[in-house]
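Here's the structure we're looking at; comments come further down.
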Ligand SMILES: [Zn+2]
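Residue numbers (my numbering): 148 to 211.
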């Protein structure tokens with residue numbers, strides 16, 4: 148049981164590095180289906196999650 152756990156820990160360390168590109172929230176306003184959706188993504192969404200049409204996404208500032 149110890150071996151797989153070690154592997155898992157070193158694996159998650161690598162994953163943490165990748166996450167420095169932080170997950171951001173984007174607001175996607177679609178003219179086609181007239182819906183505003185919120186998407187959490189590392190990259191700016193370019194398609195509406197509902198109808199798949201190309202959209203302009205706005206980054207949402209996290210107010211904490
Ligand atoms: Zn749409």
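We put the beta carbon where it would ideally sit given N, CA and C, even for glycine.
Would you decide whether residue i is buried or exposed? Buried here means 16 or more other CB atoms lie within 10 Å of its CB.
i, result
"residue 207", "exposed"
"residue 187", "exposed"
What are the residues that DSSP puts in a beta bridge with residue i?
i, result
"residue 188", "171"
In three-state terms, what does DSSP make of residue i?
i, result
"residue 201", "strand"
"residue 177", "strand"
"residue 182", "strand"
"residue 206", "strand"
Return the Cβ separation of residue i and residue j in integer angstroms, given the expectation that the two are a contact with Cβ distance under 8 Å.
i, j, result
"residue 197", "residue 184", "6 Å"
"residue 202", "residue 176", "7 Å"
Thinking just about the alpha-carbon of each residue, which of the options is nearest to the one in residue i?
i, options, result
"residue 171", "177, 182 and 189", "189"
"residue 199", "205, 209, 180 and 191", "180"
"residue 178", "168, 205 and 195", "195"
Does residue i come within less than 8 Å of chain B when only Cβ atoms are used?
i, result
"residue 170", "The question asks about chain B, but that chain is absent: this structure has only one protein chain."
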